Structure formats: C-alpha cells, structure tokens
Amino acid sequence: MSEPTTAFNRLVQIMDELRTQCPWDKKQTIETLRHLTIEETYELADAITEKDWMGIKEELGDLLLHIVFYAKIGSEQHQFTLDEVINGICEKLIVRHPHIYGDVVVNNEEDVKENWEKIKLREGKGKKTILGGVPKSLPAMVKAIRLQEKSKTVGFEWDTKEQVWDKVKEELNELQEAVASNDLDKMEDEMGDVLFSLVNFARFLQVDAENALERTNKKFMKRFNGMEAMAKAQNKALHDMNLEELDALWNSMK
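When you number the sequence shown by my numbering, it's gap-free, plus one each residue, and the end is 258.
Shown next as structure tokens:
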C-alpha cells in the first residue's frame, strides 16, 4: 500500500501548489468545476463502455483530481478536509456492510442491496423517504432504473418477467390509443410509461437498459457513417439520395 499512499500524497501536494500558484486553478470554485466534473464522469463512462482500460485509467485520474480539488476548496472554506472526506466514506462502508463488520447474515447480493437501502433510510440526512436519495439531475433512463431498484427493496416488484411484459403490452396499447386521439400531451405521457416499463423489463432480464441503448446508438452511428463513406466513394451525398437509395446503403452496412 506504500505506492498508492505516496502517489496520493504527491497529488495532494501538486494540488496545493496549483491552488496557490496557477492563475486558472486559483479562480476555480465548486460551481465552475461542476460541469467539468460531469464531463469527466461521462468520459469515464465512455471508456468503460469501450472497455478501454488505458482510457479508464486516465479518466479515473481526472476524476480523482476533481475530488482532491473539491476537498481543497472545502478546506479553504472551512467546511471539511480531505481526511474528513476519506474517513467519512470509510465509516459509511463499515456501517453499510454489517455482514462484514457486524453479525448480520446475508444469503446473496440482493440481501446486501436491501440492507444498504434500509441503512441509508435509517441514516436519514434529510432524505427520509425511500426514493429521496435518487438525484434529481440523473439522466432519465438511469433515474428510472434507480427508482425501480429502490422501490423493489420494500417489495414493490413484479414476481415474474412475464408479468412485466404484459405491462409493457398494456402500455403500448395505451400509447396507440393516445396516438389515435392525436393528443400530444397524452402521447408524451404514454410514451414515458412505455419507456419506463421497458426499462423495468430489461431489469428483469438482467440487461442494463442504459448500456443496451448505448450499444444501439453506437451501432447506428457506425452503420450511418459507413453509409456516408460509401456514398462519398460513389461521388454522391446522402442528402441528394432518395429513401430507396438510402435504404439500400443501410442494408449493405448491416
């Protein structure tokens, strides 16, 4: 463990130096860093999706820098120190793993997750509802997954994937009715229900809905870029081609 400790201390020292000597670093606040942190988080997510281990290593470093940066600002504002941040997460991990650091018995990972949510609820911290800990700014699909996972901890859950699929079909029928009525507000409402139920079905299949959609996004981009390249090789532009020609190019990319 000596190497990580030495490396971490080196980062902390560099952060101290940058904060006092670099004009850009000196000006940063938690507000100015926020959007950069979000961007770095998505870059890490991209690297994970691509299974780019070197990219993951780099992006983890960027995020670690941000954590140290926020802690530095927190210390300057007399709010908290880096040690308090680290000790805080250590204590949280110990408390929320009573099957490791206590006498609680668990049978599987689901028991662990349920205990985690129950302990979080007991801790309160102003979020004393089951769904209170779901961040408001989460992307909609990720938020849907977290809402479903949290409601499951109190038994609000279908028994079988067949029941969930029946719910998907029910929501699809309601969407069709909304389309027939040409009511835009109702169509949006029912589309949301369809998407939410599909996310739930994916969860029952143990498929990550976010990852599944991103795989399709990447597949579409690869094929569409291929279409564009093929058209260019034929001295054509996609916007000059009719739908039949575009469809033929698409099929050649599949």
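All residues carry an ideal CB built from backbone N, CA and C; glycine is no exception.
It should be emphasised that the depicted structure is a prediction, and the values quoted were computed from it without experimental measurement.
In this structure, the alpha-carbon of Ala182 lies about 10 angstroms from that of Glu175. Ala148 and Val108 have their C-alpha atoms roughly 30 angstroms apart. By alpha-carbon distance to Ile34, the top candidate from His243, Gly78, Glu21, Ser141 is Gly78.
Apart from sequence neighbours up to five positions away, the residues of its chain that approach Asp197 with a beta-carbon distance below 8 angstroms are Glu175, Glu178, Leu179, ordered along the chain. Taking C-alpha positions only, His70 is separated from Cys26 by approximately 16 angstroms. Around the C-beta of Glu63, 16 or more other C-beta atoms lie within 10 Å, and the residue is accordingly described as buried. Exclusion of the five residues before and after Arg227 leaves Met257 as the residues of its chain whose Cβ lies within less than 6 angstroms of its Cβ. DSSP, read as helix, strand or coil, puts Met195 in helix.
Within the same chain, no residue comes within 7 angstroms of Lys222 by CB-CB distance, once the 5 residues on both sides are set aside.
Straight across, the Cα-Cα distance linking Thr157 with Asn246 is about 52 angstroms. Taken through DSSP and simplified to helix, strand or coil, Arg207 comes out as helix.
Here the alpha carbons of Val99 and Glu121 stand approximately 12 angstroms from one another. DSSP, read as helix, strand or coil, puts Asp189 in helix. Under a 10 Å Cβ-count criterion, Lys124 is classified as buried, with 16 or more other Cβ atoms of the shown protein chains found around its own Cβ.
Given a length threshold of 4 residues, each whole run of the alpha helix (DSSP H) inside the segment 56-120 is given here in chain order: 57-80, 86-99, 102-105.
Under the three-state reduction of DSSP output, Pro139 falls in the coil class, being neither helix nor strand. Counting C-beta pairs closer than 8 angstroms gives three or more between the segment 166-174 and the segment 198-213, which meets the contact rule.
When the alpha-carbon of Lys117 is set against those of Cys94, Arg150, Glu249, the nearest one is in Arg150. Distance from the Cα of Ser141 is smallest, within the candidate group Gln32, Ala237, Asn255, Arg38, for Arg38. Going by C-alpha positions, Trp162 is about 21 angstroms away from Asn111.
Between Leu15 and Val89 a beta carbon distance of about 14 angstroms is seen, past the 8 angstroms cut, so the two are scored as non-contacting.
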